[in-house]
Amino acid sequence: MFQRMSGQVAVVTGAAQGIGLAIARRLASEGCAVVFADLNLNAATAAAEEVAQSSGSPTLPLPVDVTDRPAVEALLAATLARFHQVDILINNAGIFGNARFELMTDAEWRRMIEVDLTSVFLVSQVVVRHWLSQKRPGAIVNLASISGITAFTDSSHYAAAKMGVVGLTRSLAMELGMHQIRVNAVAPGIIATEMTRRSLESPELSGGWLRRIPQRRYGTPEEVAGAVAFLASNDAAYVNGELLFIDGGGTFAWDKPSDAER
Ligand SMILES: NC(=O)c1ccc[n+]([C@@H]2O[C@H](COP(=O)([O-])OP(=O)(O)OC[C@H]3O[C@@H](n4cnc5c(N)ncnc54)[C@H](O)[C@@H]3O)[C@@H](O)[C@H]2O)c1
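Quick note: the sequence shown uses numbering that gives the first Met the number 0, first residue 0, plus one each step.
#1: Between Val223 and Ile89, is the Cβ-Cβ spacing less than 8 Å?
#2: Rank Ala45, Pro69, His83, Arg211 by C-alpha distance to the C-alpha of Leu20 and give the top, closest one.
#3: Using the Cα positions of Ala191 and Leu199, report the straight-line distance between them to the nearest angstrom.
#4: Just to confirm, does Ser154 get its C-beta within under 7 Å of one of the non-hydrogen atoms of ligand 1?
#5: Grab me the residues of Gly176's own chain with a C-beta within less than 7 Å of its C-beta, minus the 5 sequence neighbours each way, in chain order.
#6: Starting from Gly218, follow its DSSP beta bridges and name the residues at the other end.
#7: Any heavy atom of ligand 1 closer than 7 Å to the Cβ of Val140?
#8: Closer than 7 Å to a non-hydrogen atom of ligand 1 - does that hold for the CB of Leu40?
#9: Roughly how many angstroms lie between the CA atoms of Tyr217 and Gly207, to the nearest whole one?
#10: So, is Gln214 buried or exposed, given that buried needs 16 or more other C-beta atoms within 10 angstroms?
#11: Tell me the DSSP secondary structure of Asn90 in three-state form.
#12: Quick check: the stretch 120-134 against the stretch 99-106, are there 3 or more CB pairs under 8 Å?
#13: I need the straight-line Cα distance from Leu119 to Asn141, nearest angstrom please.
#14: Just list the residues that DSSP pairs Pro60 with in beta bridges.
#15: Alpha carbons only, please: which of His156, Val114, Gln84 is nearest the one belonging to Arg99?
#16: Can you tell me whether Ile148 sits near ligand 1, meaning its C-beta is under 7 Å from at least one heavy atom of the ligand?
#17: Any heavy atom of ligand 1 closer than 7 Å to the beta-carbon of Pro187?
#18: Once you ignore the five residues that flank Ile205 on each side, which residues in its own chain have a CB closer than 6 Å to its CB?
#19: Spatial neighbours of Ala138 within its chain, please: C-beta separation below 6 Å, excluding the five flanking residues on both sides.
#20: Let's see if you can read the secondary structure: which residues bound the beta strand (DSSP E) around Gly17?
#21: Is Met194 close to ligand 1? I mean its beta-carbon at under 7 Å from any heavy atom of the ligand.
#22: Closest to Phe82 by CA distance: which of Asn39, Val8, Glu72 is it?
#23: Can you tell me whether Val227 is helix, strand or coil according to DSSP?
#24: Entirely within the stretch 84-164 and at least 4 residues each: give me those alpha helix (DSSP H) ranges in chain order.
If you want it as structure tokens, here you go:
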């Protein structure tokens, strides 16, 4: 089978579960060696072993807190020690939270911005410095969100962080393009993972969301992974600064569903 990423090395943050795991599995199935970087080393190790067996590609689980610069530098060093190169960075690790604006604490705001936005700056900078020093090309794909374009009630800190990710993506695409470093992002809609499980279990919340999605279903981690793999691959060699929506058509669907459709 043709493996378009054969010989390449990817670092996927937050690869222990959910969308990150689906991305890591997809890249490995396309021939990529994959670093499973996550806070949860036990889950990352189990995931990396399973993916190595099923794909035949080498994998490496590594512990990292993406908000911690020394830990991120250690992640790059361990990746280079094992695979001698890195070609692709997927900034996927993230958290979600609900807090009404008037009740939001400084700690809630700061944590969200740190994990969902500052980490993208930090991990990207560590990897980009390496690429520039080696005069190597590279591809970064960031996990933004439809809330990075629209808005989110009771999660203004999350929306602000993801809007920041979109701005960072487009600015880095401009600044680094001349070095053949591409920076793109995806904006998933509602994807069934641990992050959304409790909301999706609530019939009230879930029903309201579903009616706004033209395809009338949530997305799967694998559907996000396919789009991320495209942006990371050479099939997207001239795609730079793009924000790709994976949302069943929901973000720009302003029409209310007709009675017949409900
Ligand atoms: N699920 C959705 O509907 C959805 C929609 C849009 C965007 N996203 C984004 O996709 C990404 C993945 O979401 P998911 O639904 O798979 O979430 P998830 O909660 O299922 O998985 C997140 C992973 O990130 C890891 N992680 C969290 N903080 C970390 C840190 N500081 N350092 C290292 N690893 C850390 C966790 O251990 C976990 O393995 C996130 O950036 C999220 O904001 C998700």
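From the three backbone atoms N, C-alpha and C, an ideal C-beta is built for every residue, glycine too.
The structure says:
#1: no
#2: Ala45
#3: 8 Å
#4: no
#5: Contacts found: Asn239.
#6: Ile190
#7: no
#8: no
#9: 12 Å
#10: exposed
#11: strand
#12: no
#13: The question names Leu, but residue 119 is Val in the sequence shown. Whole-angstrom Cα-Cα distance: 7 Å.
#14: Phe35
#15: His156
#16: no
#17: yes
#18: Looking at the sequence shown, residue 205 is not Ile but Ser. Same-chain partners within the cutoff: Leu199.
#19: Scanning its chain for C-beta atoms nearer than 6 Å, with the 5 sequence neighbours on each side dropped, one finds around Ala138 the residues Ile87, Arg181, Ala231, in chain order.
#20: That residue, Gly17, is in no beta strand (DSSP E); its alpha helix (DSSP H) goes 17-28.
#21: yes
#22: Nearest C-alpha to Phe82: Val8.
#23: Reduced to three states, the DSSP call for Val227 is helix.
#24: 105-112, 118-133
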